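Take a look at the structure below.
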């Protein structure tokens, strides 16, 4: 049985009983607009879903991954520009490190980011896109690498199904805004 070459890059497993319990408890109260639940499932059947978040953050990735997974929605298994090795269980983390070390000393080429992204988009794997990423902004600004949005636009011409970018803020349930309270009411009820 041949392993998928990108399996160490995907976060598609539960990280142990205790951590899974803590993360599901922490993110289960995430409130979502009910009309978006069925809409997300429908969009996932049509094409590749890419959730867009403004700033890069591990907590945002965990929120989307476990929050959507607990609601049985298409959850992001990959985050552009972020490797999930820091939250992987020991076996996948060791497999990821062993794969990178063995590729250093063998003639096999290391899996490039572009081929990884193409594989993810072709196989309709939901992912997370950080619009502002301070760690790699300099590389994009200097022109060494294309921006992830530019890459998605270029990849759309090669992929037969649509790439659907969903901004973070339209998914959540909009609560009523609270009335401005007087200081006396705030302090003394």
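Residue numbers (this note's numbering): 2 to 190.
In this text, a Cβ means the ideal position worked out from N, Cα and C, and glycines have one as well.
As the structure is a computational prediction, the values presented were derived from the model and not from experiment.
Over what stretch of residues does the beta strand (DSSP E) that includes residue i continue unbroken?
| i | result |
| --- | --- |
| residue 26 | That residue, residue 26, is in no beta strand (DSSP E); its alpha helix (DSSP H) goes 18-28. |
From the DSSP secondary-structure annotation, give me the bridge partner or partners of residue i.
| i | result |
| --- | --- |
| residue 165 | 50 |
| residue 130 | 53 |
| residue 80 | 83, 129 |
Give the range of the alpha helix (DSSP H) segment to which residue i is assigned.
| i | result |
| --- | --- |
| residue 121 | 114-123 |
| residue 102 | 91-106 |
| residue 61 | 59-71 |
| residue 150 | 149-157 |
Are the CB atoms of residue j and residue i within a distance shorter than 7 angstroms?
| i | j | result |
| --- | --- | --- |
| residue 157 | residue 164 | yes |
| residue 22 | residue 129 | no |
| residue 67 | residue 24 | yes |
| residue 75 | residue 41 | yes |
| residue 48 | residue 162 | yes |
| residue 122 | residue 160 | yes |
Check each candidate in the options and name the one with the smallest Cα separation from residue i.
| i | options | result |
| --- | --- | --- |
| residue 152 | 31, 116, 44, 45 | 116 |
| residue 149 | 159, 132, 90, 43 | 132 |
| residue 79 | 72, 92, 91, 64 | 64 |
| residue 31 | 20, 72, 58, 47 | 72 |
| residue 154 | 124, 126, 118 | 118 |
| residue 59 | 39, 121, 89 | 89 |
| residue 84 | 104, 107, 114 | 114 |
| residue 50 | 127, 159, 103 | 127 |
| residue 57 | 82, 97, 29 | 82 |
| residue 20 | 99, 36, 39, 91 | 91 |
Looking at the ligand ADP, does it come within less than 6 angstroms of residue i, judged from the CB to the closest heavy atom?
| i | result |
| --- | --- |
| residue 94 | Within the structure as shown, the ligand ADP is missing, as the structure has no ligands at all. |
If I'm right that residue i touches residue j with Cβ under 8 angstroms, what's the distance once you round it to whole angstroms?
| i | j | result |
| --- | --- | --- |
| residue 94 | residue 169 | Not a contact, Cβ separation roughly 28 angstroms. |
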